[in-house]
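Notes to accompany the following structure.
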Amino acid sequence: MDAHQVTEAQRTRPLKVESELFSRHLLEERRLSPNTQRNYHQAIQALGLWLAQEYDPKIPVDSITSNHVRGYLIEIQGTLSRATIRNHFSGLRTFFRFLLSRKLVRANPFQNLTLPK
-18 MDAHQVTEAQ RTRPLKVESE LFSRHLLEER RLSPNTQRNY HQAIQALGLW LAQEYDPKIP
42 VDSITSNHVR GYLIEIQGTL SRATIRNHFS GLRTFFRFLL SRKLVRANPF QNLTLPK
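In the working numbering, the protein residues as written are -18 to 98.
If you want it as structure tokens, here you go:
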């Protein structure tokens, strides 16, 4: 199996597993600031908690859709500042781009989404 082939088992791993892989990527390859890394991790964690409450605690990352993401963004509008929402959006979009680049998801649920005004 070459580096770009991914098994079905890898695509069905939960968000928490993939977020740990992403955290290592941010630290070792991207070398982002600790604040950026923390913000990205908090965004992924918050999405994971919301998905667990609204849908399934073990929802595989490849099953997360733009509808899930829209629902999450609508939900946080009432509780988080605009700056924090922008940070969550940016972090989650980067996370799903990473997953797509590693073929750990078939589609990026942030592909055609923009931040609500």
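Backbone N, C-alpha and C fix where the C-beta goes; we use that ideal spot for every residue, glycine too. Here the structure is a predicted model, which is why all the values come from computation and not from measurement.
* Which class does residue 15 belong to by DSSP, given the choice of helix, strand or coil? -> Your numbering for residue 15 matches position 34 in the sequence shown. Helix.
* Own chain partners of residue 32 with C-beta closer than 6 Å, once the 5 adjacent residues on each side are dropped -> Along the sequence shown, read from residue 1 onward, the residue named residue 32 stands at position 51. So the list reads 40, once near-sequence residues are dropped.
* **Sequence ranges, alpha helix (DSSP H) only - wholly within the stretch -10 to 74, length at least 4** => -4 to 6, 15 to 35 and 47 to 58
* **Local Cβ density within 10 Å of residue 37, reported as buried at 16 or more and exposed below that** => Sequence index remark: in the sequence shown, residue 37 carries index 56 (1-based). Result: exposed.
* To do: Under 6 Å Cβ to Cβ from residue 96, same chain only, skipping five residues before and after it: list those, please.
  => Counted from its first residue, the sequence shown places residue 96 at position 115. Closer than 6 Å at the Cβ level, and outside the excluded window around residue 96, lie 70.
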